[in-house]
Amino acid sequence: MTDNTTTAAPALGDIDLRSPLLIYTRIGKPDRTSIGGRVLAAAIAVSCLAVLITAARLQPSRSGLATHTAMGFDECQFLKRSNLPCPSCGMTTSFAWYARGNALASLYVQPMGFALALLATVCVWAGAYIAFTGKPAHRLMRLIPSRYYLLPIMLFAALAWGWKMFIHVRGLDGW
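According to the working numbering, the sequence shown is numbered sequentially starting from 6.
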């Protein structure tokens, strides 16, 4: 014999409000990052901090290009031969402006450089957090599938290069 009765959801009066809902309860111990993971997080934090300190010590070029030559690197051969900036032209200048606290100049000179400098800042803090607490903050990245952020990042990089070429060709490069 089949029972055709349906069970209704419990009424509010039937729920014990003194105990937390299951969604808010922790099951087991919280995850901890291994020693190797903590060392890696610390290395990432220190590396990103070193990049930002190096950028802060550089005098940003007023032309929006060639700040990297102050570190002994050659000038951009792509720019020299084609008179168009390469995808990374202006990145060092953008980092230097960012490290000096001028986010607007950093964004104008090379938008992708600004985004990477901002990411480096986040990595300093997140890496230090993971290294000191052992809490795996990177697990949050697994909640967002890569298809939702990889394509927009690549599109932003292409648009940033297009912006750099536009301001260079128009003679508006630099800050």
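Ideal Cβ positions, reconstructed from N, Cα and C, are used throughout, including at glycine.
Item	Value
Do you know offhand how far Cys93's Cα is from Val127's?	The amino acid occupying residue 93 in the given sequence is Ser; Cys does not appear at that position. So the two alpha carbons sit approximately 21 Å from each other.
Can we say the stretch 106 to 115 touches the stretch 128 to 140, given the rule of at least three CB pairs closer than 8 Å?	no
So what's Thr138 in DSSP terms, helix, strand or just coil?	helix
Compute the distance between the beta-carbons of Trp166 and Gly69, then report whether it is under 8 Å.	no
Give me, in chain order, the residues of the same chain whose beta-carbon lies closer than 6 Å to that of Cys81; leave out the 5 immediate sequence neighbours on both sides.	Cys91, Cys94
Could you please give the first and the last residue of the uninterrupted alpha helix (DSSP H) stretch that includes Phe83?	82 to 87
Output the boundary residues of the alpha helix (DSSP H) element that contains Ala47.	40 to 62
Among the candidates Pro141, Leu84, Pro116, whose CA atom is the shortest distance from the CA of Phe44?	Position check: residue 44 holds Val in this sequence, whereas Phe was assumed. Taking only the C-alpha atoms, the option nearest Val44 is Pro141.
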